[in-house]
Amino acid sequence: MSNFAIIGPGAVGSTIAYDLQHNQPNLKLLGRREQTLNFFVDGDSTNPHQLTVTALSDCHEKFDVIFIAVKIPQLSKVLSKLDHLLHQDTMLILAQNGHGQLSEFTHPFVYQAVVYISGQKEKDKVTHFRDHKLILKDTPQTQALCKKLENTPLKIQLTDDIEAAIWYKLLVNLAINSVTALSRSTASVLTVPGIKNLCENLLREGTEIAKFENVIFEEKIVTEIMTIYEGYPSEMGTSMYYDILEDKPLEIEGIQGFLYNKARLHNLKTPILDTIYPLLLAQQKN
Ligand SMILES: NC(=O)c1ccc[n+]([C@@H]2O[C@H](COP(=O)([O-])OP(=O)(O)OC[C@H]3O[C@@H](n4cnc5c(N)ncnc54)[C@H](OP(=O)(O)O)[C@@H]3O)[C@@H](O)[C@H]2O)c1
Numbered sequence: 001m002s003n004f005a006i007i008g009p010g011a012v013g014s015t016i017a018y019d020l021q022h023n024q025p026n027l028k029l030l031g032r033r034e035q036t037l038n039f040f041v042d043g044d045s046t047n048p049h050q051l052t053v054t055a056l057s058d059c060h061e062k063f064d065v066i067f068i069a070v071k072i073p074q075l076s077k078v079l080s081k082l083d084h085l086l087h088q089d090t091m092l093i094l095a096q097n098g099h100g101q102l103s104e105f106t107h108p109f110v111y112q113a114v115v116y117i118s119g120q121k122e123k124d125k126v127t128h129f130r131d132h133k134l135i136l137k138d139t140p141q142t143q144a145l146c147k148k149l150e151n152t153p154l155k156i157q158l159t160d161d162i163e164a165a166i167w168y169k170l171l172v173n174l175a176i177n178s179v180t181a182l183s184r185s186t187a188s189v190l191t192v193p194g195i196k197n198l199c200e201n202l203l204r205e206g207t208e209i210a211k212f213e214n215v216i217f218e219e220k221i222v223t224e225i226m227t228i229y230e231g232y233p234s235e236m237g238t239s240m241y242y243d244i245l246e247d248k249p250l251e252i253e254g255i256q257g258f259l260y261n262k263a264r265l266h267n268l269k270t271p272i273l274d275t276i277y278p279l280l281l282a283q284q285k286n
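So this is what it looks like as structure tokens:
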């Protein structure tokens, strides 16, 4: 395990590259095109670090570990250009929000990471705000990765219940992404009468869907997630909010769409999700 690549030089991918570069000096950060990025770590806006991006189309090496950190609608294109970077034991780590995307992979060693890294990319500038953590399923292969990266700022947490970790993050994203995107407002939308109630009801539906997928959360999860939302600064936007403002493809299919389809599968009544999901689809311009 000595040859590392990261595909997707955005907020998450650049942070992983920055965190690993001293431990893995030959690692490749791969993007759509060759580029030099100015990377600001831990909210320090005064001290740029340069990151070199190689065009994915110009890379012909094979890697032992590849992190994929593109947005959900960008994944299928990356997967169509991946085969020549893989050997039979390559470990792929999908660093994305949402659920269900692993079904698009045919390679055997693929793990979904639950991403706790916060940042934003604007043109050639990437600002990392906080957190350096990925949660992965505990296997001998991920244990070896964890050991390999133990002296880097990237913290890999292993869990026996990756489904619970993925679903928890999915539920955290579900309500706040939906209301900020549809209202085109930052977290300040939570002060609008009725919005907190809408979030709570949407979270209850999400928790019920999780139960039918054998992921059981205690009822207090709704209050717990609402407390997380209330801790957000009112000027904070979510990724779906920024994507909708910038007319970018939205990560709907891995979040609201994934849950909507699961609700249909289990014949569940989810009136809030049934309203939110088509309204988001209707906003999708691409
Ligand atoms: N940002 C956060 O705070 C955060 C937190 C937790 C989870 N996440 C999740 O992490 C995932 C990645 O998010 P992000 O915020 O890092 O996204 P991002 O900043 O938009 O970065 C995605 C990067 O992928 C690149 N890309 C797109 N298509 C590509 C292709 N075909 N080949 C190579 N590179 C390609 C983009 O290139 P261009 O620069 O050319 O567009 C961009 O640099 C998402 O699922 C997101 O929901 C993000």
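Under full-length UniProt numbering, the first residue of the sequence shown carries the number 1, and numbering increases by one thereafter. Ideal Cβ positions, reconstructed from N, Cα and C, are used throughout, including at glycine.
With respect to THR142, LEU154 sits apart: the two C-beta atoms are not nearer than 8 angstroms.
In its chain, beyond the 5 residues on either side, ASN97, ILE255 have a beta carbon closer than 7 angstroms to the beta carbon of ASN173.
Going by DSSP, SER118 is part of the beta strand (DSSP E) stretching over 110-122. Excluding residues up to 5 positions away in sequence, VAL179, VAL189 lie with their Cβ nearer than 7 angstroms to the Cβ of ILE195 in the same chain. For ILE228, the enclosing alpha helix (DSSP H) starts and ends at 221-230. Taken atom to atom, the span from the alpha-carbon of HIS49 to that of GLY100 is near 34 angstroms. Less than 8 angstroms divides the Cβ of LEU30 from the Cβ of ALA5. Of the candidates PRO278, GLU251, ARG32, ASN201, ARG32 places its Cα closest to the Cα of LYS123.
Taken through DSSP and simplified to helix, strand or coil, GLY100 comes out as coil.
Burial check for GLU205: the Cβ neighbour count within 10 Å reaches 16 or more, so the residue is buried. By the neighbour-count definition (other C-beta atoms within 10 Å, threshold 16), LEU92 is a buried residue. When DSSP states are grouped into helix, strand and coil, LYS269 belongs to the coil group. MET236 sits in coil when the DSSP states are folded into three classes, being neither helix nor strand. Sequence-distant partners of THR152 (beyond 5 residues in either direction) whose C-beta falls short of 6 angstroms from its own C-beta, in its chain, are ASP19, LEU20, ASN23. Contact check for ALA181 and LEU94: beta-carbon distance about 22 angstroms, past the 8 angstroms limit, so the pair fails to qualify.
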